[in-house]
Structures are given as C-alpha cells and as structure tokens.
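Heads up: take any position in the sequence shown, counting from 1, add 156, and you land on our numbering. Data block below; observations after.
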Amino acid sequence: MMNLKTKIRAFPTIPNKNIYVPIGSMLAVQYFYEKLNFSDVFGKHKSRGLDLNSLLIGLVSYKLTENFSIKEAGKWLNQKEILEILNLDSFHEKVLYRTLEILGRNKEEILSDILGNLFSAYDFEETDINLDWTSITLYGTKSKLGKFGYSRDHRPDKLQITVGVSELKKPIHASSVK
C-alpha cells in the first residue's frame, strides 16, 4: 500500500498596489442608518464643515471592518474610494475626534432619539424598561474608572465602579435570596 501525503498549499502572495474596500459593512451601516432615520438623529448636532452623517457612517463601517485606532480610521476613511462613496473631502483625523466629542456632548438627546426611532421602526411587544444598578468595590488603585463614593460594602476607603443594566422586557425569571 502506498503512503500518499498531500499538502494543501496556497500560492505565495505578491504585494501590489491594489486597494480593496470591504463594501458589505458600509452597505449594512447605510441600510440601517436610513431605516432608523439616523440622519435626523445626528444631523441636527452639526451644521458646518463635513457632513456628520457621512463621517459616522464611515467611522462605524471602519470599526466593523478593521477596528483599530481613530488615527487608523482617519487613514482608512481618507482613501480616495471611501471618500467618493461617502461624498466627503479629504480631512485630518482630528475631525473624527471632534465627531466623537459632538456625540458625547449630546448623548442623552441622541440616545432618546435612537430609542424613539427604534420603537417607530419595529413593533416591540413590551415597552417596559427595567433598570438595575450596583457597585463593585475595587481593591487596587490603578483603575481610571474607579471613584470614591457611597459603598454598600462599607468600604468608603476603596474605589468602586458603578454598573447599570437595562432590559426592554419583563425578565423570564427573577428571584431573591435571603
């Protein structure tokens, strides 16, 4: 009996100047952006300069595709092909940081508008929202998220992180233990 060994080999790649644009994530982002009417949600927060909606579509598409730093997002978005798809002019990466600042400054209104658009686009059975908050005591000092405050663990000398959870439906099961 012959012993036949086979290997699956790929041809070696040869570097070239071809540019590819993963268009699927961008099309998905554009689809839901239109379906949920996000242009109205975000567009009202910036009136001058580059279009905020195009920047956000590009930024979300990039994060779904590559997910590196904002600096790298700026390089990716400034490719000629991407700029054409998003109908943008070339820009400095600082524009993306300012875009994120705009979102942060207006987060409450933006989140409220997104929730309203979700409820108008989809027929949710239940609109009750359950919220629950707790805090976790940190025994280290390195966490930038940790803050001093009221401690249910009776450790006001330790940093803590507050965590909140929300849900849109009644829980399937809930219990309390004494």
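Glycine included, C-beta positions come from ideal geometry on N, C-alpha and C.
The residue from 220, 290, 205, 240 with its alpha-carbon nearest to that of residue 248 is 205. Segment contact: the segment 224-241 against the segment 291-308, fewer than three CB-CB distances shorter than 8 Å; contact not assigned.
Annotation for residue 269: the continuous alpha helix (DSSP H) segment containing it runs 263-277. Distances from the alpha-carbon of residue 314 to those of 320, 323, 276, 291 put 291 closest. Contact check for residue 197 against residue 216 fails: the beta carbons are separated by 7 Å or more.
Buried is the label assigned to residue 255, since at least 16 other Cβ atoms lie within 10 Å of its Cβ. Closest in alpha carbon position to residue 280, among 174, 289, 179, 323, is 323. Residue range 194-199 is occupied by the alpha helix (DSSP H) that includes residue 196.
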